[in-house]
Each structure stands twice: as structure tokens, then as C-alpha cells.
């Protein structure tokens, strides 16, 4: 064991400052406990934090895999209070400095809040930090302290939204653990309750509580000065708690599921469908011994000449077996060349689900002069927006996405080896289950290039004018990099994008080099698909996408 590990391995070894330990006033610290929960969730699977010590000389101490503790002070700003002035942070910074010095400077210090710093405070933190420390502190010590003092960006969630953020992050963690995300709220509350118990020095078992109340003088002394071990939460134990809570929820008697659609939207249809019928959520489609319940939203496309109408929707197959499916149907309204070309493309789409084994299974298909359609399975898991919510993604979500990229690379390689490109990559079409990332559909692989094709947020430059440069495998490289960029920083790259870590400083600089090389405007200059994926997964080996 290294010297640092030995220094902090035994209970009571970390410096203890009772002034900055708020156990007697825990009633108003639910927000702080949930902030700790967010940090724990971010490290349940891939993170570098191995232990959290709550209410120990500061709000909590994170023990990282590199064995260098991080002192974290949490403060909340209510609506209307604005950003932090440096005068309001004098005691926070002074206390962090005092504990840092008592721990022989062998730690990092972090101030975390839902609000940022005013420009004046940022300037003083950079250029006048010595004014806010004891007068006897020498300039070289100020410089050393400044080097380990961090103000995280983006800020923490507000008090009114932190529970929702925590449950959302737990959804992502459960998905990466191959567990049912319906129990995310139960798992999150169990995690927070465990943090509260440790922070308030509440023993886990009844016999421990009795001993604490009626025991020896040693127990009385422990109430005055708690043991470090009692305040320590091991991430591995918290992961076990989450998994145990999930399994208990699974074993509970199932409650009747509520309808996912408004009652007025469910209009059972008894008459046979006509070619001109439009789909809507709740419609039950019947064909050749199969029955599918259509879900909202329904994607509808008609060309300017209105020669055909194309409808696409996810749904639930009811007969012959229950499973999630995707249904595509094209109705020829007026036969002409445009309708016939699109009809052939839909036929080709269905063929690709048979030709490319990495695409979802083709379940059914039908064809006539006036109508063509097919049904495919929905990939295992859930789409990225359902699993992780809106961008920017948390550390857990980003690392989970990067870890699953090799499986998506194999899917796209199947397209490219057949001279095809998907050309319509988007988060909604990427389904995550454990460490596997799969495609929902064949995208535009069956269609000829068209000006302005694909999702605007992820459109490659050559898709704007494909007559000059036809889309290729490099188009998929650009789109995948654009998706990762968007999910990492919260906005699509656009023309001449800034490096991601400029927009989100806590991002690893290693991801800058990879994404920027994949987002070059000239297709021939971009990284190959394999290099893009290798570069992203290398970020995991260097500590993860974010410093968490």
C-alpha cells in the first residue's frame, strides 16, 4: 500500500474539525445529502471516487482512486440571491484552507454550489486570493492552495430540481447495470437515506442504535467525536445497496400499470383499415394474424406532389406475441414516378433488416400495388434520451456512452463493408442496453443522397450539397462525433465548432482531439470510424470523460 493510502486507511486518521461538521443541525441539509448522492451515482460504475466521508471537517470528503482526498464544501443560493460575491465566500475558503493545511496539504479543495461567481469574485479568486486568507500565509503557500482549489462548472442543480436530476441519473446508472429503470426512484431514495444515516451518525441495525444510547462511556465519547469509519460510505457498498433495492422492488407484487396514453386518444377500431387511413396513438393495426398497437408520435411524410403518404411509428405487438416493434407503411395516393421510387426504397429498407444482421429483426412485411409496409423489432434497452435525459450528460452517462461505442462501431462497420452509410444517426435512434449500443433503423441507407438530408443538428457538410461530394462512411463518422459533442457540452457543434472542453472545462482534453479530428469539414480528412471509437474509449482509460 502506498504512503498516501496508509495515511488515510484507519478510522480517525483524517483531520477532524467539529466547527465544520453540521450533524447537530441536519434538519435543513437534505439538499447537501442529495448533492452527495449525485456524486455517488456518477461513480457507481466507472468513476474514480472509491469512498465518500460525510460530515467530516467539511460537508464531505471524496477519496479517489489516486488516493488523494478532495474536500468539498456545498452551498445553495435561493432564487433572487444571484451569484456569489467574494466577501460571501471568505469563511468557506478560509475553512477549506485551514483543513487543507491541517492535512499537510495532501488533498484537493472544491466549492460546489448551484450558483456561479460574479466576474469580480472570479477576478479576486485568481489575482487576490491572499487577501482572503490569514495574514501570516506566505505567497508560495497561497499559490499551492490556489492550485488545488476548484470551483466546478456547470453548477449543481437547484434545491427544487435536485431530486428529479438524481432520479434521472439513477435511470442511467440502472440502464448501464442492465436493471429495470422503472425502479430508479426507489433506488435513489434508498441511496439518499443511507447517506442521511451516515451523516447523522445513525447506525444501520437496531442493536447498534441501542448500544449507542445505553452503552459504555466509549459510546458517549463516540457521540462527541465520531469515528471516521462510521461516516464513510464505500462506493462498492452503495452499488450493492442499489442492486439490492432494485431486486427487492422486482420481487414486490406488481401494481396495475397506468395507461401511457390519454383515454380520449384510444379509439378502438372495428372496421377494416382503408389505404387512406391515418395512424394515431391507440390505433390497433390488424394484418395477417398479427396485431400492433400504435404509439404516439406518428411520423408522417408526404412529398410536395402528394403522390404518396409515408407513416412510421413505434408500437406494441399484441398478437402473436407481445413485444415492442416499429411499423413503416407507405400508401400510394397517385401512381407516378416519385411514388414508385419511394416504394422501391421502402422495399430496400426492409431488405436491409435481413441483409445486415446487426439491424433489428424483420418481423413482417406486406406489399401491393397501392401499399407497402414492414414491421421490425425494437432493439433491447431504451433510446439515449429516455435513458439519460437532455444534454449535457453527467459523468456516468458520458462514460456509459463511450464504453458502448465499440458495439455501435461494429453495427456501422456492417453498413460500410457493404458500401452503405446510415446517414441519419441521432440520439433517438441509438438504443442502450448495458454496454451495448444498437441502431433502431437503417436510416437513409436505402435512399439516394438528397440535398439537406439527415438531422440538421448532426448533418455532415457533404449532406448539404451531395451532388458535389456524395455521403460515405465518413458521413457516419461526422454524425457520430456530432452526437457525442452535443451530449457532452449541451449544444450541437455547428460550423467551426470550439473544442468541447472550452465550452465545458471539466471535460477531458483527450476528447477534444478525437472529436475535432472527426468533425473536419472535408470527409477525406476525418478520422476513420475505428480511430474515432478508439480515441473515445481511450478517454475512459485516462480517468473518464469528466473529472467527477
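Numbering (UniProt numbering), first residue to last: 1 to 548.
Glycine is no exception: its CB is placed at the ideal position from the N, C-alpha and C atoms.
Would residue i and residue j be called neighbours here (beta carbons separated by less than 9 Å)?
| i | j | result |
| --- | --- | --- |
| residue 378 | residue 342 | no |
| residue 42 | residue 394 | yes |
| residue 356 | residue 414 | yes |
| residue 191 | residue 149 | no |
| residue 507 | residue 488 | yes |
| residue 477 | residue 510 | no |
| residue 412 | residue 401 | no |
| residue 375 | residue 292 | yes |
| residue 462 | residue 470 | yes |
| residue 72 | residue 63 | no |
| residue 146 | residue 121 | no |
| residue 172 | residue 396 | yes |
| residue 44 | residue 242 | yes |
| residue 49 | residue 235 | yes |
| residue 422 | residue 443 | yes |
| residue 53 | residue 232 | yes |
| residue 47 | residue 544 | yes |
| residue 174 | residue 435 | no |
| residue 159 | residue 76 | yes |
| residue 305 | residue 338 | yes |
Using three-state DSSP, classify residue i as helix, strand or coil.
| i | result |
| --- | --- |
| residue 373 | strand |
| residue 174 | helix |
| residue 286 | strand |
| residue 479 | helix |
| residue 472 | coil |
| residue 241 | helix |
| residue 515 | helix |
| residue 38 | helix |
| residue 527 | coil |
| residue 44 | coil |
| residue 180 | coil |
| residue 166 | helix |
| residue 200 | coil |
| residue 495 | coil |
| residue 246 | helix |
| residue 415 | helix |
| residue 461 | helix |
| residue 452 | coil |
| residue 441 | coil |
| residue 486 | helix |
| residue 227 | coil |
| residue 269 | At residue 269 the pLDDT is 35, less than 50, meaning the model places this residue with poor confidence; the figure from the coordinates comes in the next sentence. Residue 269 falls in the coil class under three-state DSSP. |
By alpha-carbon positions, which one of the options ends up nearest to residue i?
| i | options | result |
| --- | --- | --- |
| residue 465 | 480, 481, 477 and 448 | 448 |
| residue 330 | 406, 300 and 351 | 300 |
| residue 482 | 467, 457, 498 and 473 | 457 |
| residue 335 | 347, 359, 371 and 321 | 371 |
| residue 280 | 93, 332, 527 and 314 | 314 |
| residue 246 | 170, 427 and 161 | 170 |
| residue 155 | 82, 98 and 134 | 82 |
| residue 56 | 74, 405 and 344 | 74 |
| residue 197 | 238, 181, 434 and 494 | 238 |
| residue 389 | 116, 181 and 79 | 181 |
| residue 183 | 199, 87, 194 and 166 | 166 |
| residue 440 | 528, 525, 382 and 533 | 382 |
| residue 323 | 283, 37 and 380 | 380 |
| residue 37 | 199, 319, 230 and 424 | 199 |
| residue 373 | 164, 332, 195 and 444 | 332 |
| residue 109 | 94, 244, 115 and 119 | 94 |
| residue 297 | 304, 307, 282 and 290 | 282 |
| residue 430 | 141, 399, 386 and 492 | 386 |
| residue 290 | 316, 308, 320 and 419 | 320 |
| residue 432 | 446, 452, 405 and 455 | 405 |
So if DSSP puts residue i in a beta bridge, which residue, or which two residues, is it bridged to?
| i | result |
| --- | --- |
| residue 436 | 433 |
| residue 310 | 301 and 330 |
| residue 323 | 317 |
| residue 234 | 51 |
| residue 149 | 109 |
| residue 291 | 286 and 319 |
| residue 507 | 546 |
Against chain C, with Cβ distances strictly below 9 Å, would residue i count as a contact?
| i | result |
| --- | --- |
| residue 412 | Included in the structure is just one protein chain, with no chain C present. |
Problem set entry | 4 or more residues per run - each alpha helix (DSSP H) lying fully within the segment 333-412 | 337-355 and 384-388
For this session: Jot down the residue ranges of each uninterrupted alpha helix (DSSP H) in the segment 46-111, minimum 4 residues, whole runs only, in chain order.
Result: 90-102
Exercise. What alpha helix (DSSP H) runs, 4 residues minimum, are completely inside the segment 108-146?
Worked result: 119-127
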